[in-house]
Structures are given as structure tokens and as C-alpha cells.
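Peer 1:
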Amino acid sequence: MTGPSVAAKRRRSWNWVGLLPFFVFASAFLLGPAAILLYRSFVGPDSELTLANYQGLVDDQVVESYWLSVRISLMTAVIGGIFGFLLAWAVIYGGLPRVFRSLLTTFSGVASNFAGVPLAAAFIFTLGRIGIVTALFNFVGFDLYDNDFTLYNFWGLSVVYMFFQFPLMVLTITPALEGLKKEWKEASENLGASGWQYWRHVGLPVLMPSILGTIILLFGNAFGAHATAYALTGGNLRLATILIGSQISGDVLNNPGLGYAVAMGMVAIMAFSIIVYTVLQRRSEKWLA
Amino acid sequence: MSAISATAVAEAPPTPEPAIRAGSGSKVLAWMVVFGGLIYFFTPLVATGQRSFFAIRDTFGFEAYRRILTDPTFIDTFTLSVVNAVLTIVLSLIVIVPTAYWVALKMPRLRSVIEFITLLPFVIPAVVLVFGLLRMYGPPPLSLLNSSTSTRVILICAYAALSFPYMYRAVDNGLRAINIRTLTEAAQSLGATWPTIIWRVIFPNLKVALLSGALLTFAIVIGELTIALYLGQHTFGPYMADLVRNKVSEPAALTVLSFAFTWIAMGIISYLTRRQPSSKKRGKR
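Sequences listed follow chains A and B, in order.
Residue numbering for the first sequence follows the working numbering, beginning at 55 and increasing consecutively.
Residue numbering for the second sequence follows the working numbering, beginning at 1102 and increasing consecutively.
#1: Could you list which residues in chain B have their beta carbon closer than 7 Å to that of A/ARG336, in chain order?
#2: In chain order, what residues of the segment 1347 to 1363 of chain B put their CB closer than 8 Å to some CB of chain A?
#3: Determine whether the Cβ of B/ILE1225 lies closer than 7 Å to any Cβ atom of chain A.
#4: If you draw a straight line from the alpha carbon of A/ALA169 to that of A/SER212, how long is it in whole angstroms?
#5: Which ranges would you report for the alpha helix (DSSP H) in the segment 136 to 221 of chain A if only whole runs of at least 4 residues count?
#6: Would you mind sorting B/SER1371 into buried or exposed? The rule is 16 or more other CB atoms within 10 Å of its CB.
#7: Based on DSSP bridge pairs, tell me the residues matched to B/ILE1157.
#8: Roughly how many angstroms separate the alpha carbons of A/ALA281 and B/LEU1263, rounded to a whole number?
#9: Give the DSSP-derived three-state secondary structure of B/LEU1246 in the structure shown.
#10: Using a Cβ-Cβ cut-off of 8 Å (strictly less than) and excluding sequence neighbours within five positions of B/VAL1229, which residues of its own chain qualify?
#11: Taking buried to mean at least 16 other C-beta atoms within 10 Å of its own C-beta, is B/TRP1203 buried or exposed?
#12: Can you tell me which of B/THR1374, B/ILE1303, B/ARG1152 and B/ALA1320 puts its alpha carbon nearest to the alpha carbon of B/LEU1360?
#13: Counting C-beta neighbours from all protein chains within 10 Å, is the total for B/GLU1325 16 or more, i.e. buried, or is it exposed?
#14: Grab the span of the alpha helix (DSSP H) containing A/ASN290 for me, first residue to last.
#15: Here's a check: name, in chain order, each residue in its chain whose Cβ is nearer than 7 Å to the Cβ of B/GLU1286, leaving out the five neighbours to either side.
#16: According to the Cβ coordinates, are B/ALA1354 and B/ILE1169 closer than 7 Å?
#17: Give the residues of chain E in contact with B/ALA1259, contact being defined as C-beta atoms less than 8 Å apart.
#18: Quick check on the burial criterion: 16 or more other C-beta atoms within 10 angstroms. Buried or exposed for B/GLU1118?
#19: Less than 6 Å between C-beta atoms, sequence neighbours within five positions excluded: which residues of the same chain meet that for B/LYS1348?
#20: Going by the CB atoms, is the gap between B/THR1318 and B/ALA1329 shorter than 7 Å?
#21: What residues in its chain sit with their C-beta under 7 Å from that of A/ARG337, if we drop five residues either side in the sequence?
#22: Which first and last residues belong to the alpha helix (DSSP H) in which A/GLY98 is found?
#23: Bridge partners for A/LEU103 per DSSP, in chain order?
#24: Between A/MET262 and chain B, is the shortest Cβ-Cβ distance under 7 Å, so that the two count as touching?
#25: If I measure Cβ to Cβ from B/GLY1314 and keep anything under 7 Å in the same chain, skipping five residues before and after, which residues do I get?
#26: Just verifying my parser: in three-state terms, what is the DSSP assignment at B/ASP1273?
#27: Does A/PHE177 get closer than 7 Å to chain B when you measure Cβ to Cβ?
#28: Taking 6 Å as the limit between beta carbons, can you name the residues of its chain near B/ALA1227, skipping five residues before and five after?
#29: Residues of the segment 1318 to 1342 of chain B in Cβ contact with chain A at a cutoff of 8 Å, in chain order, please.
#30: Quick check for students: name the residue ranges of the alpha helix (DSSP H) that lie wholly in the segment 239 to 277 of chain A, counting only runs of 4 or more.
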């Protein structure tokens, strides 16, 4: 072998070694745990390979919890997405004082990270049985809790989840909104379009992949949330994440294998939402980059 | 809080004229949307603040804060979580900075692979991750979850993995802003070894990026509930969850504190990010 090729080879192997710590770490604490659940989800009670665990996903308890998670995620993603978009639009193009723009950005950073126990607590003090808004409604003679409202069901949790859904929409959609080109607006004005016509035929169609993509991202964001719901309901509201939590602490499904399949189903849905988001984001970059 | 928002306003960069002028109809809609948003966001905060200041019926005071801050369990769990957060940040930096640097310098083709892996925490929810960790490290041959020290190590490693999306992004953005090739060659021609280059050249040039990554990681780790709960660690998150179930004014005080804390962290991040153009110039010089 000649000198240079040996040197080249040695350099290549060196480069690879530089990434080894990262791959080892990621395997030990991200890929490994996921792979073990994946493997176990295909193993039956007698250590045989099987698809029975996935067939078991039609179990009532499982379907119910997935369905509740899907409904809450869809609801908060769509409403949160629309309102977040309107908020971002309002501070960028709504003719409001400039102050609102930087305030909204910083505040969205705060609110999108304000999930978990403190968020649950804040809403208990607002709309819980002892909450201030509940008390205000009582004061004007309307008992929320006598009228089928509770913070601890589908509607209540949806209201709470909105608190981190809007801000994430604001943060993700702002760059896309800012990417709309002045020329498009001018061109449509020259052709006699009204403001509404501009948004209807130019602005919104260009932004649509971004908007849809971000709504799907919000869906995943709510779907994977566990801490807020756990702190709020102590595990009584059966979301898919809460079901997995109960499965961890005490095999509530009476079937360990099914638990792994439930966890994998969750990963599949999250992966799907991230992939769709990425694809749509790429598409929108064509126009807005 | 108002002081911080005031500085945020003062620091606002001159934004370009809005490309699209608003008609009066849309101005009304814009005000309505912002007003609705303000009501929705601030009502829970006001309600929580009110609870926290009236621990004793009809008497304004800081009793709830006094009770919380002198509760030994609070001090223990909070200290534990702060130490965990600091260790997580250190660990995450040690793994991510050399990796991002090495990829950018030597193996740019692998950039998307690395980025994909760092984004995995968005695909694997915390509750699934802890499920996997329990099955991987719990049973023999590893049996690492029997002692509280090794469990804590695993908790911190899991947190570091959770911080990857934020940390890698921050570091990668920072690296793009400086000319690492020139810096590396300059350091090499002066005889620096790889550890010296990373520690004395790359780290100092990434200060701002690293600080925002670190603050975000801190904000996430400090109150994290799910992983700590199922690994049976008595950190701040599970403590807060217990408190919410059993007390009234104390969790309100804690919520106010943690909101103020998140606000300060985000304020610092946005302040640093706005100042970044000047640090970019310094890096290039």
C-alpha cells in the first residue's frame, strides 16, 4: 500500500471516532430505550415473536384513551393554530403599536415553556372549583360546575392546553408571516385587490403549507404532553400518555406486551406529525425563504 | 415583571416598515384579537397571584411565600433539581459542542443525520422515554435502578438527551456565525491540540449561543415531572405536583415564582439574541 492512501484511511477513521461519544450517548438514552420498547412490543407472554400485542390495541381502554388524546390534540391544535395565527398577524400587519411585537415574541417564549405543574396550578386557581373565574360566574348567578363544566375533563384540559399551544403557533408562524413579500401586496393592489382579497388569494395560499404544518406540530405537542394532565387530574383523565404512565406504575392493562404496543403507537403518531410538519415546512420555504 | 418588559421594549431592534398596511377594519380585528389574548393569558396569572398574596383570609401578605421558602422539603427538592439542571447543562455541552463542531468541520454530510437524532425527543414523548429507560436499566444484567445514585445519573443523562434539540440548535446556529475553519487552522498552526481548540477557541466564541441553550435547558429541567416521577426521584417537579394536590396558597406562590423565573430566563435569552450581531462581528474579526 502506498503512503497517501494509508494516511487518507487513517484520517477517515479518526473523523468517525470524533462522533462516537454522541452516538454512544444517543444510543444509551434515546435510541436504546425506544428500541427495547419496540422489540418488546413484538414479544408475547412466552417470549415468542408475535403481532398479538398490536392486535390488542383494539382493547376498549386503549381505544378510548387514544381517542381522547386525539380529540384534545386536534381541538387545541386547530383552535390554538387559528388564534395563534391571528395573534401573529395582528402584531405584524394589524397596524398595532410596534411595542406589541417584541412583547408577544418574548411572552410566547415564556408561555410555550410554561407547561407542566405550574400551568395546571394556575388554571386550578382560575377555573377550578375554588377558582376566581368560577367565583365570578357564581357571583353573577351562574354555577359553571352545575352546568357540566369541569376543569378535569375534555373541555377543561383543552382550555389549559391552549396556554402553550397559541404561543408555539405564534413562534413558529411569525417567520413565515414576515417572509411575505411587499411586492406581492403591491402587485395585488395595482390590480385593484382589496386587503381581504389579497389575503384570500395571495397571502393565505402562500402561507397554507406553513399553517397546516404548524397545526400538525401543535397536534404532536399536545399528544405527547403528560405532566400538565397528570398534575391537573392526578391521572384520572385517561389520555394515551396517562395510560402509559399507569401502565408503568402498575400494569393497568394486565398485559405488559400491550403496554409496549401502546407506547409504540404513540411514537408512530408523533413521528408522523413531525414528518408531515417537516415536509410542509420545506414546501413553504420555496416561496418564503 | 413590568421592569423586564420595559427593557424588552427598549432593546427592540428597529423593525422594517410593515410591508402591508392595515385598513381600519383589520385594525379593529387586530385589537380584538390582542385584547382576547391578553385576557386569556393574564387571567390565570392574576388569579394565581391573588391566591398567593392572600394566604391568610382577607389579609394581603407574603405568608405563602414565607411558608414555601422555609419548608425544608422545598429547599431539599429545589436544591436537588438545581444541581441536576447544572449537571445536565454541563453534560449536554460536553456531548453537543464537540459533536456539532466536528460535524461542521469534518463531516458536513452527516449534519442531517445528527440533527435528526437530536430531534428524537420530539418524537419520543417523556413518558415513553422513561418507560424505555426503566425496561433497559431496571432488569438484570444492568440493574442500575436499585441504587439512588445510579438512578440519578440516568435521570441526568435522560435530561441531557431531552435538551439535545435546544442545545444542538443553539450551538449549530452559533457555529454558523463564526468561521470555525479559520479559527481551527489558526489554533493548529500555533500548536493547539483538539481539546485545547474546543475549550479555548470554540467555547469562548459560542458563549451567547451556549448561554441561551443552557437557560432553556435549565427552565425545562428545573420543574420536570414525568421522568423524575417514574424514576422515583424526589425532585422539585414531583414535590410541586404533591403540593398542588394538598395545599392552596403555597402552590400559588410557587407558580408565581416559577413564572417569574421563566420570564427572566426568556428575557435574558431574547436580550442576548438581540445583541448577537455584535458578537458575530467579533468572531469574524
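Even for Gly, the Cβ is constructed at its ideal location relative to N, Cα and C.
Peer 2: Checking against the coordinates, here is how it stands:
#1: Those do not exist, as A/ARG336 stays about 12 Å from chain B at its closest Cβ, beyond 7 Å.
#2: VAL1349, PRO1352, ALA1353, LEU1355, THR1356, SER1359, PHE1360 and THR1363
#3: yes
#4: 13 Å
#5: 153 to 166, 171 to 181 and 186 to 193
#6: buried
#7: B/THR1160
#8: 15 Å
#9: coil
#10: none
#11: buried
#12: For the record, residue 1360 of chain B in the displayed sequence is Phe; it is not Leu. Checked all of B/THR1374, B/ILE1303, B/ARG1152 and B/ALA1320; the closest Cα to B/PHE1360 is B/ALA1320.
#13: buried
#14: It is not in any alpha helix (DSSP H) - A/ASN290 carries neither H nor E in the DSSP assignment.
#15: none
#16: yes
#17: Checking the listed chains, one finds no chain E in this structure; the protein chains it contains are A and B.
#18: Below a pLDDT of 50, predicted positions are generally treated as unreliable, and B/GLU1118, at 48, falls in that range; the measurement from the model is reported next regardless. The residue in question, B/GLU1118, is exposed, as its Cβ has fewer than 16 Cβ neighbours within 10 Å.
#19: none
#20: no
#21: PRO263
#22: First-last for A/GLY98: undefined, no H or E at that position.
#23: A/VAL97
#24: no
#25: TYR1267, MET1268, ALA1271 and VAL1272
#26: helix
#27: yes
#28: THR1327 and ILE1328
#29: ALA1320, ILE1321, GLY1324, GLU1325, LEU1326, THR1327, LEU1330, TYR1331, GLY1338, MET1341 and ALA1342
#30: 249 to 252 and 258 to 277
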